Amino acid sequence: MNKARSISAMVALPIVLVLLWWVATLGNSNPFIPKPVALLTDLWETWANSRFLEHVVPSIVRLLSGLSIAIVGGIVLGVLIGSNLTVRKIMGPILEFVRAIPPPVLLPVLMMVIGIGDETKVFLIALGCLWPVLLNTVDGVRSVDPVLRDTTSSYNIGGLTRLRFFLLPAALPRIVTGVRLSLPIALILMVASEMYAATNGLGFSIIYFQRTFQNGPMWAGVVVLGLVGIIMALAFRWFERRILSWYYAQRELETSG
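Quick note: the sequence shown uses the UniProt record's numbering, first residue 1, plus one each step.
Here it is in structure tokens:
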């Protein structure tokens with residue numbers, strides 16, 4: 001029953017917003033303001049064909065590639081930095097300096113150094129998504145229960161065994177939080193990187209339609225981008241519920257107790 005209510009609440013607001021949008025645009029002849037029915041037509045005619053494979057799929061591949069690199073790199077570096085105070089002191093100023101630089105600012109530099117291929121776009125996405133994963137991993141490793149840490153040391157549990165069965169499970173909730181924060185960053189950087197020196201992708205298509213005054217297809221591309229974001233969020237929520245099932249069960253027991 002609660003699940004049905006939750007789904008109804010999620011669906012109700014978009015329906016209300018679309019109805020308000022439809023009423024607000026009745027009789028409006030401004031070509032720059034999209035109408036729901038016309039937008040659906042443009043969405044089908046523009047994207048429900050080979051354009052989806054030519055532009056949407058490459059964008060998703062770049063996004064997932066950059067995000068995967070950021071997750072792996074962020075976890076590895078986060079564990080190393082979070083486990084060692086000396087490394088944390090040495091790397092702290094460097095990380096703060098690099099973190100303060102907005103990734104889109106580096107796009108022209110990356111284009112000159114790496115080129116205008118997919119490598120530049122993937123690297124930019126990975127660089128922007130690295131910091132939430134890295135910082136949350138460091139925080140998760142540092143906040144491990146000191147009693148459990150001392151217990152593993154007393155029993156001489158170290159190396160990969162300590163990492164696999166103690167550090168990573170303890171830091172996993174924070175790591176997952178960092179990945180969740182990286183999802184919208186990856187989507188934004190994917191679009192931004194494709195708006196410059198690209199020949200395909202969602203960002204390229206949207207800016208192309210805008211520059212050629214094809215307002216309907218442009219808005220349809222924005223809708224496709226939003227749908228990609230929704231699908232990513234739902235997929236990650238499903239994944240999170242399964243990988244952290246033990247964590248949520250523990251929280252429910254603590255709450256009920």
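Cβ coordinates follow ideal geometry from the N, Cα and C atoms, glycine included. What you are looking at is a predicted structure, and each value in this text was computed from that prediction instead of being measured.
PRO173 and SER182 have their C-alpha atoms spaced approximately 14 angstroms apart.
Look at the beta carbons and you see the region 138-158 not touching the region 218-226: under three pairs across the two are nearer than 8 angstroms. Membership of ASN215 in the alpha helix (DSSP H) is indicated by the continuous run 215-243.
Taking C-beta separations shorter than 7 angstroms and ignoring five residues to either side along the sequence, MET10 has no partners in its chain. In terms of CA proximity to ILE15, PRO36 leads the group PRO36, SER29, ILE60. Remark: C-beta atoms of ASN215 and THR177 do not approach each other more closely than 8 angstroms. In the pairwise beta carbon analysis, the region 239-248 is classified as not touching the region 60-67: fewer than three pairs are separated by under 8 angstroms. For the pair LEU202 and ALA186, the Cα-to-Cα distance works out to about 13 angstroms. In the three-state DSSP reduction, ILE114 falls in the coil class, being neither helix nor strand.
Secondary structure note for SER68: its alpha helix (DSSP H) is the uninterrupted segment 57-83.
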